[in-house]
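Counting from 359, one number per residue, gives the positions in the sequence shown under our numbering. Heads up, the beta-carbon is just placed ideally off N, CA and C, and yes, glycines get one too. Reading through the structure tokens given below for one structure.
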Amino acid sequence: MKKKSLSDFLNILENKGLVKDYYISDVCHKNVGYISYNSMDVREDTLFICKGLNFRNEYLKDAIEKGAFCYIAEKEIIKEFPHIIVNDMRKTLSEVGALFYDSIWNDALTMIGITGTKGKSTTATFVKAIMDDYCTSRGQKEIGFISGIYNYDGEKKVKAKKMTTPETLQLHNLLASCSNNGCRYLVMETSSQALKYGRTDALKYKVGCFLNISEDHISDREHPDIEDYFVSKLKIFSQCDTACINLETDEKYLTRVMEEAKKHCLHVITFGRCEQADYYGYDVISTPGSIRFKVRHKEGTEDINVSIGGYYNASNALAAIAITRTLGVPFENIKRGLSNVKVAGRMELYHMENKDVDVIVDYAHNKISYQTLFENVKKLYPERKIMLVFGCHGNKAYNRRKDLGEMADKYADKIVLTEQDPGTESVTDICNQIKEYIAADKPVTTIVDRGEAIAYACDKVEDGWVMVIAGNGADGYQKRGLTYVELPTDGERVQEYINNHETKDK
Numbered sequence: 359m360k361k362k363s364l365s366d367f368l369n370i371l372e373n374k375g376l377v378k379d380y381y382i383s384d385v386c387h388k389n390v391g392y393i394s395y396n397s398m399d400v401r402e403d404t405l406f407i408c409k410g411l412n413f414r415n416e417y418l419k420d421a422i423e424k425g426a427f428c429y430i431a432e433k434e435i436i437k438e439f440p441h442i443i444v445n446d447m448r449k450t451l452s453e454v455g456a457l458f459y460d461s462i463w464n465d466a467l468t469m470i471g472i473t474g475t476k477g478k479s480t481t482a483t484f485v486k487a488i489m490d491d492y493c494t495s496r497g498q499k500e501i502g503f504i505s506g507i508y509n510y511d512g513e514k515k516v517k518a519k520k521m522t523t524p525e526t527l528q529l530h531n532l533l534a535s536c537s538n539n540g541c542r543y544l545v546m547e548t549s550s551q552a553l554k555y556g557r558t559d560a561l562k563y564k565v566g567c568f569l570n571i572s573e574d575h576i577s578d579r580e581h582p583d584i585e586d587y588f589v590s591k592l593k594i595f596s597q598c599d600t601a602c603i604n605l606e607t608d609e610k611y612l613t614r615v616m617e618e619a620k621k622h623c624l625h626v627i628t629f630g631r632c633e634q635a636d637y638y639g640y641d642v643i644s645t646p647g648s649i650r651f652k653v654r655h656k657e658g659t660e661d662i663n664v665s666i667g668g669y670y671n672a673s674n675a676l677a678a679i680a681i682t683r684t685l686g687v688p689f690e691n692i693k694r695g696l697s698n699v700k701v702a703g704r705m706e707l708y709h710m711e712n713k714d715v716d717v718i719v720d721y722a723h724n725k726i727s728y729q730t731l732f733e734n735v736k737k738l739y740p741e742r743k744i745m746l747v748f749g750c751h752g753n754k755a756y757n758r759r760k761d762l763g764e765m766a767d768k769y770a771d772k773i774v775l776t777e778q779d780p781g782t783e784s785v786t787d788i789c790n791q792i793k794e795y796i797a798a799d800k801p802v803t804t805i806v807d808r809g810e811a812i813a814y815a816c817d818k819v820e821d822g823w824v825m826v827i828a829g830n831g832a833d834g835y836q837k838r839g840l841t842y843v844e845l846p847t848d849g850e851r852v853q854e855y856i857n858n859h860e861t862k863d864k
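Below, the structure written as structure tokens:
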């Protein structure tokens, strides 16, 4: 990266109309050595950014003590210390990060962005499996990966802390690291929040994929209504060359999706389990641990095997196929990648031999993902009763308490309610709100601690049933209050129970 002075940052912000006031005195020609909005991550010559609802003036003072020489904020905090006051912090973050890192990712990386209400993590994982196989066959490094599960920057894999798309500067840092570490490609989940609030504004995607849309993330902290949510997701097309669109998208949204893609993108490719799709999937066969289907495209027909169960994952696999074929990947690599793919926390299957119970751990956490998950479970286990363990997020997406309560009442025979990132809300209060939508005669138990709830369910589930643990997937954190607490994953809890109990006599 070329060195930039503080005046370079001031100039770019002024040119974008973002500066309200500034005082940079004799440091205007000083080079910016680092940028950060975390007072715990400050070095000498840092340009410090004051942001966030929970920001306190003490954070700036701490940053100054550690080496910050100027701050950016939306209001003056320390008058006599060098500062730039801006009128839009979100746009400022994007401009500052792009300048500091030279937007290196747009030249160094072929980037793939995936958005949708459900299936983003699974589709991104499918794409990574295919592209890793392709890159390996060409002597290249595996591709970068940014998701709500983990991030990979070409050198290290780091578990993500619940945010689907990282905050702007963290995202820019990851992209720059991927570029500098030798990655040629990157796939990332692109959330509606990231698009709405400009976290991805400095990115140019080679391919943008639209998976689906349904009512979710509606709250005073996310989207005020479904229209805002939908429009936010459509923004991805203004940032990509090629659009890949699922023709199974709800009809009331599909026309607008196609129109927006055609308006902005050079190419529009379609996929889905409908004959008019460019990549048409059919003859889907699912087992608890795999799916098989055929895909017809303009050059012929291919047999596809995917090493994860769930009829609905055929749609995610078709998305991955459309994306990677757009990038010129041969079907040889696609088939090999999908046949070996592992998706942590998605239809993750465990078996209790001591009482013949299959346990499914899945990330499903909203209405549409619950619907598809339980329809699949009913097809795979038509005669079995279901024990369900789940909860709802605190402080956001309040409609889920009604939606998931109704889904649980419809599909589950016994229910254990527990925490699911409660934040500052009471777990008991959240669970009581969910229970309002579950029949009074349905067996429901509330256990606040998620680990204890899973252990209880494992102990109480009856011989021959199937147990579903929904919401957390492979996440190893719970947001309690304002803090993320690292804990065992749901799958690790189940495996611990299995290890501690004797195998059923045969």
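Spatial neighbours of residue i in its chain, beta-carbon cut-off 6 Å, leaving aside the 5 residues before and after
i: T847; result: A832, G834
i: A722; result: Y728, L731, A828
i: K743; result: D771, W823
i: L765; result: In the sequence under discussion, the amino acid at residue 765 is Met, which differs from the Leu named in the question. Same-chain partners within the cutoff: Y728.
i: E402; result: G425
i: Y795; result: K760, G763, E764
i: K725; result: D761
i: V852; result: Y708, V717
Length of the line joining the Cα atoms of residue i and residue j
i: L845; j: N373; result: 46 Å
i: K862; j: R614; result: Confidence in K862 is poor, its pLDDT being 45 and thus under 50, which makes the residue's placement too unreliable to answer from.
i: V444; j: K515; result: 35 Å
i: T786; j: H709; result: 30 Å
i: K361; j: G391; result: 8 Å
i: Y842; j: F651; result: 40 Å
i: H655; j: I692; result: 14 Å
i: T483; j: S549; result: 16 Å
i: L840; j: D511; result: 27 Å
i: V485; j: N531; result: 22 Å
i: T475; j: I571; result: 5 Å
i: L371; j: V454; result: 8 Å
i: S673; j: L529; result: 28 Å
i: E657; j: R683; result: 11 Å
i: A635; j: F689; result: 18 Å
i: Y855; j: E711; result: 11 Å
i: Q836; j: D779; result: 5 Å
i: R557; j: G639; result: 34 Å
i: S479; j: V664; result: 15 Å
i: C602; j: L569; result: 8 Å
i: N539; j: E513; result: 7 Å
i: H441; j: M359; result: 24 Å
i: I393; j: L527; result: 8 Å
i: I681; j: G477; result: 14 Å
i: A518; j: C428; result: 30 Å
Terminal residues of the beta strand (DSSP E) in which residue i lies
i: T659; result: 658-664
i: A431; result: 426-431
i: S673; result: Taken as a continuous stretch (DSSP letters only), S673 belongs to no beta strand (DSSP E), being part of the alpha helix (DSSP H) at 671-684.
i: K716; result: The sequence shown places Asp at residue 716, not Lys. Run containing D716: 715-720, per the beta strand (DSSP E) assignment.
i: G566; result: 563-568
i: K554; result: Premise fails: K554 lies in the alpha helix (DSSP H), 550-554, not in any beta strand (DSSP E).
i: K378; result: 377-381
i: E547; result: 543-547
7 Å CB neighbourhood of residue i in its chain, flanking five on each side removed
i: D420; result: S397
i: D806; result: For the sequence presented, residue 806 should be read as Val rather than Asp. For V806, where only same-chain residues beyond five positions count, the Cβ hits under 7 Å are T776, E777, V785, T786.
i: K864; result: The predicted model places K864 with a pLDDT of 41, which falls under 50 and marks its position as unreliable, so this point remains unresolved.
Residue interval of the alpha helix (DSSP H) (run including residue i)
i: F732; result: 725-738
i: L527; result: 526-538
i: I407; result: Careful: I407 lies outside any alpha helix (DSSP H), inside the beta strand (DSSP E) at 404-407.
i: L696; result: 689-698
Selected residue, minimal CA-CA separation from residue i, among the options
i: M745; options: K793, N757, T803, K700; result: T803
i: E706; options: A534, N830, F413, K593; result: N830
i: C789; options: Y756, Y814, D799; result: Y756
i: I436; options: H387, D583, P582, Y380; result: Y380
i: T481; options: D761, F748, Y670; result: Y670
i: L762; options: V699, F748, G752, N753; result: F748
i: Y769; options: Q791, H751, P801; result: P801
i: D460; options: G849, A680, L533, K737; result: L533
i: N753; options: R838, S697, T473, K736; result: R838
i: E892; options: C541, L592, M447; result: Residue 892 is absent from the model: the chain starts at 359 and stops at 864.
i: S644; options: V653, I666, H625; result: I666
i: Y395; options: N389, C408, D384; result: C408
Contact test: residue i Cβ vs the ligand ATP heavy atom, cutoff 6 Å
i: L411; result: This structure lacks the ligand ATP, and indeed carries no ligand of any kind.
Own chain partners of residue i with C-beta closer than 8 Å, once the 5 adjacent residues on each side are dropped
i: D490; result: E500, I501, G695
i: S590; result: S550, Q551, L553, K554, H581
For this session: Could I get the ranges of all uninterrupted alpha helix (DSSP H) runs contained in the region 766-845, with 4 residues as the minimum, in chain order?
Result: Within the region 766-845, the complete alpha helix (DSSP H) runs of at least 4 residues are 785-793, 808-818.
Exercise. What alpha helix (DSSP H) runs, 4 residues minimum, are completely inside the region 741-769?
Worked result: 757-769
For this session: Write down every uninterrupted run of the beta strand (DSSP E) in the region 435-514 whose length is 3 residues or greater and which is fully enclosed by it, in chain order.
Result: Counting whole runs of 3 or more residues, the region 435-514 contains the beta strand (DSSP E) stretches 441-444, 468-473, 502-504, 508-510.
Exercise. In chain order, which continuous runs of the alpha helix (DSSP H) of length 4 or greater are located wholly inside the region 589-669?
Worked result: 609-622
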